[in-house]
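Below: one structure, written as structure tokens.
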Amino acid sequence: MNKGRYYYMPLGIAVSLACFLRLYQIGQKSFWYDEACSISFACRKLSLGIFSDHYIMRPLYFIFLNIWSHLFGINEVITRLPSAIFGVLAVVAVYFLAKELFDHKTANIASFLMAISYYQIAWSQEVRYYSLFLLMCLLSNLYYFRLIKLSDGKHCFAYLLTTIMAIFTLPIAIIMPVIQLGHYCIFARGAIGRKIWLVNIFIAAVILILAGLGSAVKGNILEDMLLAPSFKLSIQNILKLLNTFNNGGGNIAQGALSNYMGQNAIYYLFLNIIFYFFYLGGIFKEIGAKSTFKNILFLLAWQWIPFLGLSFLYFFGFHLLVMRYFIFTMPAYYIIVARGITHLKSRLLIIPLLICILLLNIPSLAAYYHPKNYYSWREVSGNVKEKGSKDDIIILSPLQTLAPFCLYYLNDLKDFGSIGNGYNGKGIKINGNWQDRFYDKGIIIWGINMGQTAKFIAEFSSWKQKSAGSGNIWIILQGDWVGKDESGLLKNYFDSYSCLAEETFYPFEGIKVFRYKLKQR
5 MNKGRYYYMP LGIAVSLACF LRLYQIGQKS FWYDEACSIS FACRKLSLGI
55 FSDHYIMRPL YFIFLNIWSH LFGINEVITR LPSAIFGVLA VVAVYFLAKE
105 LFDHKTANIA SFLMAISYYQ IAWSQEVRYY SLFLLMCLLS NLYYFRLIKL
155 SDGKHCFAYL LTTIMAIFTL PIAIIMPVIQ LGHYCIFARG AIGRKIWLVN
205 IFIAAVILIL AGLGSAVKGN ILEDMLLAPS FKLSIQNILK LLNTFNNGGG
255 NIAQGALSNY MGQNAIYYLF LNIIFYFFYL GGIFKEIGAK STFKNILFLL
305 AWQWIPFLGL SFLYFFGFHL LVMRYFIFTM PAYYIIVARG ITHLKSRLLI
355 IPLLICILLL NIPSLAAYYH PKNYYSWREV SGNVKEKGSK DDIIILSPLQ
405 TLAPFCLYYL NDLKDFGSIG NGYNGKGIKI NGNWQDRFYD KGIIIWGINM
455 GQTAKFIAEF SSWKQKSAGS GNIWIILQGD WVGKDESGLL KNYFDSYSCL
505 AEETFYPFEG IKVFRYKLKQ R
């Protein structure tokens, strides 16, 4: 095919948009809970101690982050930069995959949709593994199709490497070689002989090793899986998933990013109609096409088998169905939508349509970048430091909020081992032991585990009677954390116990800070 001088210009526009949107204001938001846990791991010395950590089940990103942080330091921009880079590379990867499956026009549209996706942008500005996970799954699929076509050692190695890297970024990627092998057995059998079987046997061995490492971890990985927020398979949740892909929705996570915008805006409706129409068009227009319909079937399997498979596991008690885990299935959805758009044929229709999709994304992006939606923990810790004194008591509820608060309040986490540990209710690790209460230069910092507020009040009352001190009592509450809100019980107790001196509300994350002074007896 003759490639003119402007052949890659649409891809260049998509990549430029992706760079701008993923780097714009990347350092403005303070770190939230999950990011604080990532950074806590990055502060440690990288040694065999990793094998006693729950991150061993998904080590690739965290090992990379550990090395990156020791080389370049830790701040909001530097620490988030790798995620942004992976997110931009994913836009490039989806172009080459869509071109491999269909054609240049489909690839250009798919890369554009990825570039402006609010959902993709948000997770490309997080100190988490999702953009790396997405990139590795894309590359795994790209090299799988190139291996079928070319059957050479170079692509075999690239396929093997990227698939293993995807699995070691997030084990859900185990589903990818299963889908690929199923596609090979149905549509490509004989194209690469025994090679694909040997590769997948090796991948299976890696999966067994990963399972063995997981079982050796001194922690409660299984408990994390059983207690993680999730939802059952239903038509409503399928529509939630598609809505999240279309416009970000309120389903980016089970917390953290879910409050940027309302669900009833009219532009949501228009975006959903556009995406659903061309998604169905991309499927039905390919029926009967011998060379490309099998690729549509592969994309449908990539999009829905992970969702349906993890939904099935829900009935056995494994709660892995968290919306953000399905970020790696988004490219399949966008490629099908892009394929539907290409059936318009004329550029006079396609270009205005893409501009319309971009304009309909602007309200969501404007809400995402708006200063009122910046995370609050940097400001919270700064307020406490500025107005606090050496005899203060700081109480945080729920316990998980210790992670982002301490990240800013303590500045240096190296002496504390680690902070936060998911749903096990662990706060901060000091001298090898998990603590929900510790001292920092005379100040007491105390976390309350979910469901333990009444127990804390009884313990605090007994402890305070035996302890001196006349400093501030800070109550920092983040209500409705994973569906549980006991902040009222705690506040009622301290309203009767002390005099309220100051109240501050941080609207985005719903954080309330109360500063009390002891009542004069």
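In my numbering, the protein residues as written are 5 to 525. Each residue gets a CB set at the ideal place from its N, CA and C atoms; glycine is no exception. The structure presented is a predicted model; accordingly, all values stated were derived computationally and were not measured.
Nearest residue (CA-CA) to residue i, options the options
i, options, result
"residue 460", "376, 285 and 441", "441"
"residue 475", "71, 157, 106 and 394", "394"
"residue 77", "498, 456 and 415", "415"
"residue 361", "386, 10, 175 and 276", "276"
"residue 33", "434, 131, 91 and 63", "131"
"residue 122", "164, 145 and 251", "251"
"residue 206", "164, 180 and 513", "164"
"residue 38", "20, 390 and 84", "84"
"residue 246", "171, 327 and 19", "327"
"residue 108", "7, 160 and 151", "7"
"residue 98", "159, 338, 209 and 351", "338"
"residue 279", "112, 117 and 74", "117"
"residue 479", "382, 161, 96 and 452", "452"
"residue 158", "190, 189, 203 and 137", "203"
"residue 348", "286, 86 and 507", "286"
"residue 11", "112, 390, 152 and 86", "112"
Beta-carbon proximity check, residue i vs residue j, cutoff 8 Å
i, j, result
"residue 184", "residue 26", "no"
"residue 515", "residue 482", "yes"
"residue 344", "residue 302", "no"
"residue 29", "residue 373", "yes"
"residue 81", "residue 16", "no"
"residue 408", "residue 40", "yes"
"residue 307", "residue 333", "yes"
"residue 45", "residue 24", "no"
"residue 181", "residue 167", "yes"
"residue 114", "residue 141", "no"
"residue 102", "residue 110", "yes"
"residue 380", "residue 512", "yes"
"residue 464", "residue 495", "no"
"residue 450", "residue 366", "no"
"residue 88", "residue 139", "no"
"residue 105", "residue 299", "yes"
"residue 179", "residue 313", "yes"
"residue 271", "residue 364", "yes"
"residue 62", "residue 133", "yes"
Between the CA atoms of residue j and residue i - distance to the nearest angstrom
i, j, result
"residue 315", "residue 22", "32 Å"
"residue 173", "residue 502", "48 Å"
"residue 411", "residue 248", "30 Å"
"residue 336", "residue 304", "7 Å"
"residue 505", "residue 477", "10 Å"
"residue 497", "residue 406", "21 Å"
"residue 510", "residue 388", "13 Å"
"residue 223", "residue 438", "Because the pLDDT of residue 223 is 47, which lies under 50, any placement of that residue in the model is unreliable, and the number read from its coordinates should be weighed accordingly. Those two C-alpha atoms are separated by around 12 Å."
"residue 426", "residue 175", "Its pLDDT being 44, under 50, residue 426 is placed unreliably in this model, and the value from its coordinates should be taken loosely. For residue 426 and residue 175, the distance between alpha carbons rounds to 17 Å."
"residue 404", "residue 432", "9 Å"
"residue 20", "residue 14", "10 Å"
"residue 135", "residue 9", "31 Å"
"residue 521", "residue 169", "53 Å"
"residue 155", "residue 329", "31 Å"
"residue 297", "residue 340", "11 Å"
"residue 274", "residue 244", "16 Å"
Where residue i sits in the DSSP three-state scheme
i, result
"residue 258", "Note that residue 258 scores a pLDDT of 43, beneath 50, so its modelled location is shaky; the value from the coordinates is reported in the next line. Three-state DSSP puts residue 258 in coil, outside helix and strand."
"residue 437", "strand"
"residue 167", "helix"
"residue 386", "helix"
"residue 95", "helix"
"residue 503", "strand"
"residue 431", "coil"
"residue 526", "Look at the range of the chain in this structure, 5 to 525, and you will see that residue 526 is not part of it."
"residue 451", "strand"
"residue 456", "coil"
"residue 222", "With a pLDDT of 46 at residue 222, under the threshold of 50, the modelled position of that residue is not reliable, and the figure given next carries that caveat. Of the three classes helix, strand and coil, the one that applies to residue 222 here is coil, per DSSP."
"residue 32", "coil"
"residue 444", "strand"
"residue 106", "coil"
"residue 495", "helix"
"residue 401", "strand"
"residue 184", "helix"
"residue 521", "strand"
"residue 516", "strand"
"residue 124", "helix"
"residue 129", "coil"
"residue 12", "coil"
Residue i CB to nearest heavy atom of the ligand SAH below 7 Å
i, result
"residue 19", "With respect to small molecules bound, the structure shown includes none, and the ligand SAH cannot be examined in it."
* **Length-filtered (4 minimum) alpha helix (DSSP H) runs lying within the region 264-309** => If we require 4 residues or more, the alpha helix (DSSP H) runs fully inside the region 264-309 come out as 270-288.
* Scan the region 324-357 and note each continuous alpha helix (DSSP H) run of 4 residues or more that stays entirely inside, going in chain order. => Within the region 324-357, the complete alpha helix (DSSP H) runs of at least 4 residues are 334-346.
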